[in-house]
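Following: one structure in structure tokens, then a few remarks.
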Amino acid sequence: MAEHRWFETVAVAQERAKKRLPPSVYKALLAGSEKGVTYADNMAAFAELGFAPHVAGQPADRSLATRALHQDMSMPVMISPTGVQAVHPEGEVAVARAAAARGVAMGLSSFASKPVEEVVAANPQTFFQMYWMGGRDAMAARMERARAAGVVGVIATTDWSFSNGRDWGSPIIPARMDLRTMLTRAPEALRRPGWFLDFAKTGRPPALTAPNLGPEGGEAPGFFEAYGEWMQTPPPSWDDIAWMVKEWGGTFVLKGVCRVDDARRAVDAGVSAISVSNHGGNNLDSTPASIRCLPAVAEAVGEQIDVVLDGGVRRGSDVVKAVALGAKAALIGRAYLWGLAAGGQPGVENVLDVLRGGIDSALRGIGKADVHDLTPDDVLIPDGFLRALGASDPSYAVH
Numbered sequence: 392m393a394e395h396r397w398f399e400t401v402a403v404a405q406e407r408a409k410k411r412l413p414p415s416v417y418k419a420l421l422a423g424s425e426k427g428v429t430y431a432d433n434m435a436a437f438a439e440l441g442f443a444p445h446v447a448g449q450p451a452d453r454s455l456a457t458r459a460l461h462q463d464m465s466m467p468v469m470i471s472p473t474g475v476q477a478v479h480p481e482g483e484v485a486v487a488r489a490a491a492a493r494g495v496a497m498g499l500s501s502f503a504s505k506p507v508e509e510v511v512a513a514n515p516q517t518f519f520q521m522y523w524m525g526g527r528d529a530m531a532a533r534m535e536r537a538r539a540a541g542v543v544g545v546i547a548t549t550d551w552s553f554s555n556g557r558d559w560g561s562p563i564i565p566a567r568m569d570l571r572t573m574l575t576r577a578p579e580a581l582r583r584p585g586w587f588l589d590f591a592k593t594g595r596p597p598a599l600t601a602p603n604l605g606p607e608g609g610e611a612p613g614f615f616e617a618y619g620e621w622m623q624t625p626p627p628s629w630d631d632i633a634w635m636v637k638e639w640g641g642t643f644v645l646k647g648v649c650r651v652d653d654a655r656r657a658v659d660a661g662v663s664a665i666s667v668s669n670h671g672g673n674n675l676d677s678t679p680a681s682i683r684c685l686p687a688v689a690e691a692v693g694e695q696i697d698v699v700l701d702g703g704v705r706r707g708s709d710v711v712k713a714v715a716l717g718a719k720a721a722l723i724g725r726a727y728l729w730g731l732a733a734g735g736q737p738g739v740e741n742v743l744d745v746l747r748g749g750i751d752s753a754l755r756g757i758g759k760a761d762v763h764d765l766t767p768d769d770v771l772i773p774d775g776f777l778r779a780l781g782a783s784d785p786s787y788a789v790h
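Mind the numbering: the sequence shown is residues 392 to 790 in our numbering, read in order.
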């Protein structure tokens, strides 16, 4: 890969990724479902929140370090698990190295393109993400493999309704990369020579398999084979969630919570933390932005378990807003994928540096010396912004 050229914002990284990636790969990362209402609101909602900066008396030194999900991190940012990463040959391993170099934890998808063992070797602060698929025996086997690999926790993702169809069109993803598929896709790939050469140097095309959904060292199931198993597995009950928590026996994050009643049930099921998320807008469209739902959930259960936010984070100031409104940390998904596509491991490090600079700048403007000093009073919240979904008391409000 050519020497990495620094980019100053995540938006610039996305533009470079768009120019570098084959159109079908770029569209797969852009994703979103149906009309894209939730995808757009995840980002737009952050822009509705404001700050009231000071002009003198701000602290000269600021601390960004924090602890979330039982992990010490250099800043309140984590890597969110995302599926098959055909944007760069090193995929999740490059992301893990970048995260380790910048002192943040890594979330690894069960649909990842790299084995959990390789990712943990690159970043010991790795969480393994799981979907409810295949029944309890299969789930137990995957947890045991993750445990043996040395992951620090499990993230169970439940916010998925298999919404399909996008108004702007869905990319055609092949079931496998055989010779016929490669010949069919060659014209598209050759129009993106940088991406093509990166994979050509490895001597093999992007893997469309899920190595973490099979036995270690065994044949990895194809992406669509695994996806089909997931689709055909009945959704989990709260008893199933409680079983997973007990079976794992360690740090357990339930991802996809946006309702207060679900957050309370999650606490009853024994989870260590919840991630307020709507699957990046890739799920049921018209779900509110994650940041709109965060304060109600954090107020309801934040003193009992850790609450983190996932969805729409593109700037360090977004992270500051999330922490001020009750999140212990913010997870990033597309933001680091744009960096990975634009520059491999250095590109992901660049994204994390951009976020770190933005967090520090926002703290300076607000006049806070430490991310732990942030409160809701540091954010200007417009009328009608908040969503207290599933609150048991109709008069429930965030104070």
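Ideal Cβ positions, reconstructed from N, Cα and C, are used throughout, including at glycine.
- Query: Looking only at its own chain, which residues have a Cβ that is under 7 Å from the Cβ of Leu765, when we skip the five neighbours before and after it?
  - Reply: Val711, Val714, Ala715, Lys759
- Give me the Cα-Cα distance between Asp652 and Arg396, rounded to the nearest whole angstrom. Roughly 46 Å separates the two Cα atoms.
- Query: What residues are listed by DSSP as bridge partners for Phe338?
  - Reply: Here the chain covers residues 392 to 790 and nothing more, so residue 338 does not appear.
- Determine the direct distance from the alpha carbon of Ala419 to that of Tyr522, and round the result to whole angstroms. 20 Å
- Item | CB contact flag (Val699, Ser666, <8 Å) | Yes, they are a contact pair.
- Rounded straight-line distance, which links the Cα of Val428 to that of Glu607: 39 Å
- Task: Determine the contact status of Leu645 and Ala657, defining contact as a CB-CB distance below 8 Å.
- Result: yes
- Query: Can you give the beta carbon distance from Val745 to Thr400, rounded, assuming they're within the 8 Å contact cut?
  - Reply: Contact annotation, Val745 with Thr400: C-beta distance approximately 6 Å; criterion of less than 8 Å satisfied.
- Three-state class that DSSP yields for Glu399 in the structure shown: coil
- Query: Can you name the start and end residues of the alpha helix (DSSP H) that Arg683 belongs to?
  - Reply: 681-692
- What whole-angstrom Cβ distance do Ser465 and Val495 have, given they're in contact under 8 Å? 6 Å
- Pull up the distance between the alpha-carbon of Arg493 and that of Leu743, whole angstroms please. 7 Å
- Query: Going by the CB atoms, is the gap between Pro584 and Thr600 shorter than 8 Å?
  - Reply: The answer is no: Cβ separation not under 8 Å.
- Task: Spatial neighbours of Ala489 within its chain, please: CB distance less than 7 Å, with the 5 preceding and 5 following residues excluded, ordered by chain position.
- Result: Gln736, Val739, Glu740, Leu743
- Just tell me which of His763, Asn669, Ala687 has its CA closest to the CA of Leu722. Asn669
- Item | DSSP three-state assignment for Gly717, whether helix, strand or coil | Three-state DSSP puts Gly717 in coil, outside helix and strand.
- Item | Three-state secondary structure assigned by DSSP to Asp697 | strand
- Message: Here's the rule: buried if 16 or more other CB atoms are within 10 angstroms of the residue's CB, otherwise exposed. What is Gly474?
- Response: Buried, by the Cβ-count rule.
- Message: Within a Cβ cutoff of 6 Å, which residues of the same chain sit near Lys505, ignoring the five residues on either side of it in sequence?
- Response: Gly482, Glu483, Val484
- Query: Should Asn555 be labelled buried (16 or more other beta-carbon atoms within 10 Å of its own) or exposed?
  - Reply: exposed
- Query: How should Trp559 be labelled, buried or exposed, when 16 other C-beta atoms within 10 angstroms of its C-beta is the threshold for buried?
  - Reply: exposed
- Please name the residue or residues paired with Thr457 in a DSSP beta bridge. Met464
- Task: Give me the Cα-Cα distance between Leu685 and Ala718, rounded to the nearest whole angstrom.
- Result: 7 Å
- Task: In the DSSP assignment, find the unbroken beta strand (DSSP E) run with Thr473 in it and report its ends.
- Result: No beta strand (DSSP E) holds Thr473; DSSP gives it neither H nor E.
- Query: With Gly702 and Gly423 assumed to form a contact (beta carbons below 8 Å), what rounded beta-carbon distance in angstroms separates them?
  - Reply: Actually they do not touch by this definition, with Cβ atoms about 12 Å apart.
- Message: Could you tell me the alpha carbon to alpha carbon distance between Ile682 and Ala443, rounded to whole angstroms?
- Response: 19 Å
- Query: So, helix, strand or coil for Met524, using DSSP?
  - Reply: coil
- Residue range of the alpha helix (DSSP H) that includes Ile757: 725-757
- From Asp676 to Arg650, what does the alpha carbon distance come to, in whole angstroms? The alpha-carbon atoms of Asp676 and Arg650 are separated by roughly 16 Å.
- Message: Under 7 Å: does the beta carbon of Arg747 sit that close to some heavy atom of the ligand ADP?
- Response: As for the ligand ADP, it is missing from this structure, which has no ligand bound.
- Given a threshold of 16 other Cβ atoms within 10 Å of its Cβ, counted over all protein chains shown, does Gln623 qualify as buried or as exposed? exposed
- Message: Assuming contact is defined by CB atoms lying nearer than 8 Å, are Gln520 and Gly498 in contact in what I supplied?
- Response: yes
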